[in-house]
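K.L.:
Under our numbering, think of the first position of the first sequence as 10, with each following residue one higher.
All residues carry an ideal CB built from backbone N, CA and C; glycine is no exception.
This is the structure I want to talk about, given as structure tokens.
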Amino acid sequence: MINNTHQNSDGELSSLSLDELELPHQDFSRNHFSKSLRLLSPQDFQFVFAQAEKFSNRHWTFIVRPNDKRYPRLGLAIAKKQLAKSVWRNRVKRLARETFRQHKQALSGYDIVVLGRRGMQDVDNETLIKSFEHLIRKIQKSGLKDGKPMTKTKKSPTQRSK
RNA sequence: CAAGAAGGUUGGACAAUCGCGAGAUUUUAUCUCGAGGAAAGUCCGGGCACUAUAGAGCAGAAUGCCAGCUAACGGCUGGGCGGUGGAAGCCGACGGAAAGUGCAGCAGAGAGUAGACCGCCAAUUUAUUGGUAAGGGUGAAAGGGUGCGGUAAGAGCGCACCGCACAGCGGGUAACCGUUUGUGGCAAGGUAAACCCCAUUCAGUGCAAGACCAAAUAGGAAAACACGUUUGAGCUUAGCUUAAACAAGGUGCGGCUCGUACCUGGUUUUCGGGUAGGUUGCUUGAGGGAAGUAGUGAUGCUUCUCCUAGAUGAAUGAUUGUUACCAGCAAUGGUACAGAACCCGGCUUAUAGACCUUCUUGCUUU
10 MINNTHQNSD GELSSLSLDE LELPHQDFSR NHFSKSLRLL SPQDFQFVFA
60 QAEKFSNRHW TFIVRPNDKR YPRLGLAIAK KQLAKSVWRN RVKRLARETF
110 RQHKQALSGY DIVVLGRRGM QDVDNETLIK SFEHLIRKIQ KSGLKDGKPM
160 TKTKKSPTQR SK
């Protein structure tokens, strides 16, 4: 069921096959993107920023922290300083939401805060999406969720756990 | 047809799939709705809300030809005046310079109670004195213009015409305009987006207003005990009770001053509390469309009709296909400015392309 809907929606778009990774299939089987998948309160953002791993490339910067949940959560922090016009900010935010929605199974278990970068308004949608997907692969490879942090930042043993 | 002027409309379309926000319902799946002409800048004006219904004086800010429209305006409409253009048109902070203060490079004799450098005239001591604003020269600007008279030479010194000012008369609600009328020889310049004067207007803060529900923490209120100075009164008189006044301090009234309102440190007990968060304010409104009607017009009135975003780490999107327009031989590429945040009326700024209406001038044809 999942595969069918998935193939119909963006089968030819996504070059990487998500199903190779053995992710737990949760109740959020379809590509919904409801409010529970977002970071809403300042406390949520503080939680991510407190102990975070940073992923970035030419266009995007992600702040990532495992959240011990079975689903990912997305927060958007597109600053006016980087993207002055609200049209630009809206476009970047919608693009980030849409791409996150399509790949949310690959990101389950992470809280991600997306930061904007200067000059994004001159890049077309296709390039930004490809760039976003590249970072998703990087997060998957890092294995952050399984307690293997990258070398730079040490995670304290008192990290929040059930 | 060409060149130009004024104003207006539109702001690609349709479909499929996957999504997002809100609402409804037969409640978990369907249906309906979901950015703009500027949503922008936050420059004005109002509604709405709260604050002591906001006192007086001073200071401050804004506006500035006249009349009208409007909830209101610094907006709009009509008119006047000035400037500009061949015309349609366009532009104008457009009150006061005989209340006062200030400002102005260079040139020039003199630039603000005018002025004698050259020139002209007169006198004599022959290089000086006096008269003179016609002429020359300087300058952005030199104290009305032309002519005749007049004079030593000149000068509104006198006269005629033109111009100007004031008065009268006529028109206009007014700004202002006209004048075959009268008076005056005629004013001592500019600048008030320099101070200033005059007239009119202005309480402040903005939906993170405000209301309600409410984890936490401190403060808060009430009662009891204790409690500054002076004076009066009473009593059981080194004391106690009570009243008044005086301080001193704090808070608030847009800035300053005056004025004015309220409050007062400690301990104990009780009451209650309003930050995070949530709900609400929150979209039916000076609303849009059509017709009629009054008015030159802005706009008003009447009838019918429509309900078309309401988010809050913030929805309104992504992909594909067909198609429209533009560029290119083609493949293809591009389709502006730009995103609601309490709501309206304006102003200003940004805006690819397409379309419409009216007007001016020129050319051609009939």
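Would I144 and S65 be called neighbours here (beta carbons separated by less than 9 Å)?
P.N.:
As written in the sequence, residue 144 is Leu, which differs from the Ile given in the question. Yes, the pair counts as a contact, with Cβ atoms nearer than the cut-off.
K.L.:
Based on the DSSP secondary-structure assignment, which residues constitute the bridge partners of P75?
P.N.:
Paired residues: Y119.
K.L.:
Taking 6 Å as the limit between beta carbons, can you name the residues of its chain near H34, skipping five residues before and five after?
P.N.:
Residue placement at H34 cannot be trusted, given a pLDDT of 29 that sits under 50; the coordinates are not used to answer.
K.L.:
Report the residue from H112, W97, K139 whose alpha carbon sits nearest the alpha carbon of D131.
P.N.:
W97
K.L.:
Ends of the alpha helix (DSSP H) at L104?
P.N.:
95 to 111 is the extent of the alpha helix (DSSP H) around L104.
K.L.:
In three-state terms, what does DSSP make of K89?
P.N.:
coil
K.L.:
Considering only residues of the same chain and omitting the five flanking positions on each side of L124, which have a CB-CB separation below 6 Å?
P.N.:
T70, A86
K.L.:
Here's a check: name, in chain order, each residue in its chain whose Cβ is nearer than 7 Å to the Cβ of Q91, leaving out the five neighbours to either side.
P.N.:
G125, R126, R127
K.L.:
For V122, which residues in the same chain have their Cβ closer than 6 Å to its Cβ, ignoring the five residues on either side in sequence?
P.N.:
Taking C-beta separations shorter than 6 Å and ignoring five residues to either side along the sequence, the partners of V122 in its chain run V57, I72, G84, A86, following chain order.
K.L.:
So, using beta-carbon positions, are I138 and Y119 closer together than 9 Å?
P.N.:
no
K.L.:
Assuming F141 and A105 are in contact, meaning their beta carbons sit under 8 Å apart, how far apart are those beta carbons, in whole angstroms?
P.N.:
7 Å
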